[in-house]
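Residue numbers (full-length UniProt numbering): 1 to 340. Presented below is the structure to which this report refers.
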Amino acid sequence: MARLTPIQRRRLRNFRNNRRGFWSLWLFLALFGLSLVAELISNDKPLVVSYQGDLYFPVVQTVPEETFGGFLPTEANYRDHFIRDEITANGWAIWPPIRFSYDTINYELEVPSPAPPSSENWLGTDDQGRDVAARVIYGFRISVVFGLTLTIASCIVGVIIGAIQGFYGGKIDLFGQRFIEIWSGLPMLYLLIILSALVQPNFWWLLGIMLLFSWMGLVDVVRAEFLRARNFEYVKAARALGLDNRHIMFRHILPNAMVATLTFLPFILTGAITGLTSLDFLGFGLPSGSPSLGELIAQGKSNLHAPWLGISAFVSLSVMLTLLVFVGEAVRDAFDPRKN
């Protein structure tokens, strides 16, 4: 294992000294880790079923209804009373804490949907009878995964374009800046609305469209670092030793430029999550029925008599974004050379 340099140890110490950001990182990772195994926490299928001496794992395997005394060769509906009675009479089942998936409709509600919180639906149901707690867990996961994917892709594209502009300068930098000025003036929301009339939006389609605009956030930072560093002595020495431009850019200058880039990543992630939430709220985001915090906010707006909808979405987004902002502040302090 490589030993940390004095600068890296100082940055790590500065990050740990920011207790708010340090513990926010661990709390965010814990919540994200739990959301990654959402199927084990919230599901309409048992984790393990013992039936007539045989073990089944419905979460990871498809078990036909015929196995439990039914008549259909299709997958068993474990919420059906007949299937549940058969399993109870001939074995046992271990259920997840929340017995609903994000798209499971509770047909046994005693009040009209949206139903208030109860022992069965911890955060109530939405206007279609789906469990809010399950949709929050799955929505948290898809929001973070979308944000992380968009942030990484934007970082790669933005760093490459900013490095090329800053290193070569001249006409490449001039025309690149003019293109960015024109491209950044395009209305992304209107473009999404127009394209949504032509194709059905999905995860990758939205990711590609938002990537077309999100990469510009890092170009100016990387470009400025390369413009500043391209005339430093170590760059001139590398040229004198015969290194080509690609090696000079990405092996010698880029590590210094990444210091400023890394401090922006948590805030780019926050912007990506809020962007997806806004599109879902307006109805131009993920397909209908997908677990979405933005769609939950829209339901809260349409059902003011069911405050648990808006409160659940608001608390989820507030906790997520607050933790990311605290982490971003800690990362900024870690790379600040004035912090000792």
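Ideal Cβ positions, reconstructed from N, Cα and C, are used throughout, including at glycine.
Using only CA atoms, which one of D54, D103, N77 lies nearest to S288? Comparing C-alpha distances from S288 to each of D54, D103, N77 shows the shortest one belongs to D103.
Using only CA atoms, which one of L211, L269, V59 lies nearest to A93? Distances from the CA of A93 to each of L211, L269, V59 were compared; the closest alpha carbon is that of V59.
Identify every residue that forms a DSSP beta bridge with V49. Paired residue(s): Y56, A93.
Do G124 and A306 come within 8 Å of each other at the CB atom, strictly closer than that value? Yes; because the gap between Cβ atoms is below 8 Å, this pair is in contact.
With DSSP collapsed to three states, give me the class of D336. Reduced to three states, the DSSP call for D336 is coil.
Below 8 Å, how does it come out for the segment 43–50 and the segment 22–35: are there three or more Cβ pairs, yes or no? In this structure the segment 43–50 does not lie against the segment 22–35, because fewer than three pairs of beta carbons, one per stretch, are closer than 8 Å.
L254 versus A163: straight-line alpha-carbon distance, rounded: For the pair L254 and A163, the Cα-to-Cα distance works out to about 8 Å.
So is S302 buried or exposed if we call it buried at 16+ other beta carbons inside 10 Å? Exposed, because fewer than 16 other Cβ atoms sit within 10 Å of the Cβ of S302.
By alpha-carbon positions, which one of L148, L4, S24 ends up nearest to S318? Minimum Cα distance to S318 is reached at S24.
Okay, do the segment 163–174 and the segment 244–258 touch, 3+ Cβ pairs below 8 Å being the bar? With a cut-off of 8 Å, the segment 244–258 and the segment 163–174 count as touching, because enough Cβ pairs lie within range.
Does the distance from the C-beta atom of S316 to that of G294 stay below 8 Å? Remark: C-beta atoms of S316 and G294 do not approach each other more closely than 8 Å.
Inter-residue spacing [alpha-carbon to alpha-carbon] between S292 and F71: Approximately 36 Å between the Cα atoms of the pair.
Relative to the C-alpha of L309, which candidate in W122, G271, L286, E225 has its C-alpha closest? Nearest option by C-alpha distance: W122.
Would you identify the three-state DSSP class for S214, choosing helix, strand or coil? Residue state for S214 is assigned as helix, using DSSP reduced to three classes.
Quick test of your reading: N18 and D336, contact by CB under 8 Å. State the CB separation rounded to the nearest angstrom. The beta carbons of N18 and D336 sit about 11 Å from each other, so the pair does not count as a contact at 8 Å.
Nearest candidate by alpha-carbon position, reference I137, set P187, G271, N43: With distances taken between Cα atoms, I137 lies closest to N43.
Check each candidate in F284, C155, N14 and name the one with the smallest Cα separation from I194. When only C-alpha atoms are compared, the closest one is F284.
In whole angstroms, give me the CA-to-CA distance for G275 and R84. When rounded, the separation of the alpha-carbon atoms in G275 and R84 is 42 Å.
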